[in-house]
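In the working numbering, the protein residues as written are 49 to 138. The beta carbon of each residue, even a glycine, is placed where N, CA and C say it ideally should be. A short worksheet on the structure shown next.
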């Protein structure tokens, strides 16, 4: 995965998600992968309060290569707990 490429080159986040990420200052693959899906989701929710966990699944899917449905099914609890922990410690 080339880190200078834009988010639009990733499989997963659609145009609406890309717009939300851009509002949070996340426009490149590096700006997503360096902090990871949880931090990127938390940053996005700060500026787009309506961002829901579907975005989190898409971000994790884009970084891991695992289908978002599998991410939602297998990693839902651990990702949501990580988001909760990160938001509590912000």
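If you check the beta carbons only, do residue i and residue j fall under 9 angstroms apart?
| i | j | result |
| --- | --- | --- |
| residue 53 | residue 76 | yes |
| residue 104 | residue 127 | yes |
| residue 68 | residue 95 | yes |
| residue 106 | residue 73 | no |
Quick one: Cα of residue i to Cα of residue j, how far?
| i | j | result |
| --- | --- | --- |
| residue 57 | residue 137 | 32 angstroms |
| residue 64 | residue 87 | 19 angstroms |
| residue 121 | residue 135 | 22 angstroms |
| residue 133 | residue 113 | 24 angstroms |
I'd like the list of long-range same chain contacts for residue i, defined as Cβ closer than 7 angstroms, with 5 residues on each side in sequence excluded.
| i | result |
| --- | --- |
| residue 66 | 55 and 56 |
| residue 108 | 85, 119, 123 and 127 |
In the DSSP assignment, the alpha helix (DSSP H) including residue i goes from what residue to what residue?
| i | result |
| --- | --- |
| residue 55 | It is not in any alpha helix (DSSP H) - residue 55 carries neither H nor E in the DSSP assignment. |
| residue 77 | 77-81 |
| residue 48 | In the structure as shown, the chain starts at 49 and stops at 138, and residue 48 therefore has no counterpart that could be examined. |
| residue 96 | Unbroken run through residue 96: none, as it is neither H nor E. |
| residue 108 | 101-112 |
Hey, does residue i have any beta-carbon neighbour from chain B nearer than 9 angstroms?
| i | result |
| --- | --- |
| residue 127 | Going by chain labels, chain B is absent from the structure shown, which holds only one protein chain. |
What residues in its chain sit with their C-beta under 8 angstroms from that of residue i, if we drop five residues either side in the sequence?
| i | result |
| --- | --- |
| residue 71 | 92, 95 and 96 |
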